[in-house]
Amino acid sequence: MRGAEALVGSLTAAGVDVCFMNPGTSEMHFVQALDAVPEMRGVLALFEGVATGAADAYARIAGKPAAVLLHLGPGLGNGLANLHNARRAGTPLLCVVGGHATDHVRFDAPLESDITAVARTVSGWVHTSGDVRDVAADAMRALAATGERGGQVATLVLPADVSWSEGASPAPPLPAAGPFPPDPSRVAAAADAVRAPGATLLLGGPALSAAGVDAAGRIAAATGARLLVETFPRCWETGAGRTRIDKLAYFAEQAIAQLDGTSSLVLAGARSPVSFFGYPGVPGDLVPEGAAVVGLADPATDATTAALEALADAVAGDAAPALAPHEAPEPAPGALDVRGLCAAVAATLPQDAIVVDEALTAAASLAMSLQTAPRHTQIALTGGAIGMGLPAAVGAAVAAPDRPVVAVQADGSALYTAQALWTMARERLDVTVVLINNAAYSILRVELARTGAGEAAHSGRAGRMLDLSDPTPDFTALATGLGVPAERVTTTEDLLDALRRAQAEPGPHLVEAIVPALG
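According to our numbering, the sequence shown is numbered sequentially starting from 10.
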């Protein structure tokens, strides 16, 4: 059979049955293989950054590797920002990049570029398939590589002639590499740390599963250790009925205040915290001076949830975690602001929903509101490369078609990947987008002062660079034009009504919420 058919057939046999894509000429035989291998579902995106962001979220929610198909080096480049987020999340993601036919490379055609050099910036494993007889086995090696180091991007470059040539045959999957069991010495060191006064347990990555959060709650109940969640969790089981945990603040000054008094910082699946950027007079390392940093589990190699459970068994006995109550009262009526918006999302959130958080300046208020909302899963912007939210909502909805998805999305970052709305409409995905329109890059207005560059700018040449008016994007019109029903709201009561209508109907909806800008 042709190389592409053997590759796609081997992927489906290994359990990879969805591929997000924006293909071009060099990938046409991969596309044709979708007819030969009907078990593979192709999901078309209108921009590569949508395809890569959707694949990232799909893997986070599905708990298995995702696949994305991109066109040559420029296509990979267009998808790079959300591959960066996937890398920072430790997402198992197979990225197949079509390449020029082997004998065409020498002509240096207009789309020729160094694909492997670009791929290595986000990939832990890169290989170019050179022979049709090896292509299926190469794909299986790439798939196995996605599970290494706790999860990573693996890029397989697929030359067009390897894809179209005859002589390939399917290859079986390779054994998956499991994480190491908990290290008894690390568990013992962490036990000593959490028993001491002033301990803080910072959770991240795989530690935020339901079992991991429950174990952390037991530890806190028994020892008095403080619990914090990393600022941008990759996949966090939270809400009413689960251990209530605060997020580590985004702004360095606030995070320093949260960590003040910490004598030992125990890391469970999280990296030692640092500020997102360097600021004049503000330390970049957020660990308090003199505090010991104790690694319970390395997210790249260890079974983090198992290590947390072992730690809980060692220090907590029969202690029960303090669970968040279900308290999501409706916000006061009137003109809409960020606080009212976040409260409305919490008040209307369906049970077991998936919340995609790219709220940016509204994120802190959203996190507080959701703590006592119905039980749900949160996924966030792990790598800081904006434009993740709408694509992530696509991937989450494809991964869990029986669960409603609510995307709380800032306006500026929505414009990076608004094309994702079209894929939501085409695939009839159950996604409700709450589009926060404040007609500004509010986060940058705040950062203008924090970096020492000046006060919040609302006029002049600098202000124009942080402003999204003149004209103000009309997201209701944009969504409708891409096939997603949409409406605009300006009051809390109208937002509540719009959210309930959207969640009562199948398919995607967008609610454009007009709020005042910050800064």
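The beta-carbon is built from N, C-alpha and C at its ideal position, and this holds for glycine as well. Since we're looking at a predicted model, the values are computed, not measured.
How should Met474 be labelled, buried or exposed, when 16 other C-beta atoms within 10 angstroms of its C-beta is the threshold for buried? exposed
Counting C-beta neighbours from all protein chains within 10 Å, is the total for Ser468 16 or more, i.e. buried, or is it exposed? Under this definition Ser468 is an exposed residue.
Distance, Thr370 Cα to Ser478 Cα: 18 Å
Using the rule of at least 16 other Cβ atoms within 10 Å of the residue's Cβ for burial, across every protein chain shown, is Glu175 buried or exposed? Around the CB of Glu175, fewer than 16 other CB atoms lie within 10 Å, so the residue is classed as exposed.
Rounded C-alpha distance that separates Phe285 from Leu350: 26 Å
By how many angstroms is the C-alpha of Asn447 removed from the C-alpha of His113? 49 Å
Where does the unbroken beta strand (DSSP E) through Asp366 begin, and where does it stop? 362-367
Three-state secondary structure (DSSP) at Met605? The question about residue 605 has no answer here: the residues shown for the chain are numbered 10 through 528.
On the three-state DSSP scale, how would you describe Leu276? strand
Look at Leu81 and Val105 and say whether their C-beta atoms are less than 8 Å apart. no
Roughly how many whole angstroms lie between the Cα atoms of Leu375 and Val222? 19 Å
Would you report the Cα separation of Pro340 and Ala22, rounded to the nearest angstrom? 49 Å
What residue does the beta strand (DSSP E) around Ile388 start on, and which one ends it? 385-389
Sub-8 Å separation of Thr391 and Glu336 beta-carbons: Cβ atoms of Thr391 and Glu336: not closer than 8 Å.
Under a Cβ-count criterion, where at least 16 other Cβ atoms within 10 Å of its own Cβ denotes burial, should Glu36 be classed as buried or exposed? buried
Using a threshold of 8 Å, state whether the C-beta atoms of Ala507 and Val498 are closer than that. yes
Beta-carbon gap between Ala512 and Thr432 smaller than 8 Å: Note on identity: in this sequence residue 512 is Gln, with Ala being the wrong assignment. The answer is no: Cβ separation not under 8 Å.
Return the residue from the list Ile254, Ala389, Cys244 that minimises the CA-CA distance to Ser237. Residue 237 is actually Leu in this sequence, not Ser. The shortest C-alpha separation from Leu237 is found at Ile254.
Would you kindly work out how many angstroms separate the C-alpha atoms of Ala427 and Phe189, rounded to a whole number? Roughly 40 Å separates the two Cα atoms.
Give me the Cβ distance between Ala309 and Ala277, rounded to the nearest whole Å; I'm assuming they're in contact under 8 Å. No, Ala309 and Ala277 are not in contact; Cβ-Cβ is about 13 Å, not under 8 Å.
Beta-carbon spacing of Pro359, Pro383 below 8 Å: yes
Run through the DSSP bridge pairs and tell me what Lys256 is partnered with. Val238
Per DSSP, which one or two residues make a beta bridge with Asn446? Ile523
Leaving aside the five residues before and after Thr485 along the sequence, list all residues of the same chain whose C-beta is less than 6 Å from its C-beta, in chain order. Ala495, Arg497, Glu521
Could you pull out every unbroken alpha helix (DSSP H) segment of at least 4 residues lying fully inside the stretch 25-72, listed in chain order? 37-45, 57-71
Which listed residue (Lys73, Ala323, Glu502, Gly99) has its alpha carbon closest to that of Ala409: Lys73
With C-beta atoms as the reference, is Ala126 less than 8 Å away from Ala180? no
Where Arg497 falls: helix, strand or coil (DSSP): strand
State the beta-bridge partners of Thr137 as determined by DSSP. Partner(s): Val166.
State the DSSP-derived secondary structure class of Glu246, mapped to helix, strand or coil. Note: Glu246 maps to strand in three-state DSSP.
Neighbour-count burial assignment, Asp567, 16 or more Cβ in a 10 Å radius: Residue 567 lies beyond the stretch modelled for the chain, which goes from 10 to 528, so this question has no answer here.
Other residues of its chain near Arg348: CB distance less than 6 Å, five sequence neighbours each side excluded: Ser374
State the Cα-Cα distance for the pair Ala148 and Ala95, rounded to the nearest angstrom. 19 Å
Whether Ala423 touches Val414 by CB criterion (8 Å): no
If you drop the 5 nearest sequence neighbours on each side, which residues of the same chain put their C-beta closer than 6 Å to that of Ala153? Leu183
Report buried or exposed for Phe116, applying the criterion of at least 16 other Cβ atoms within 10 angstroms of its Cβ. Label assigned to Phe116: exposed.
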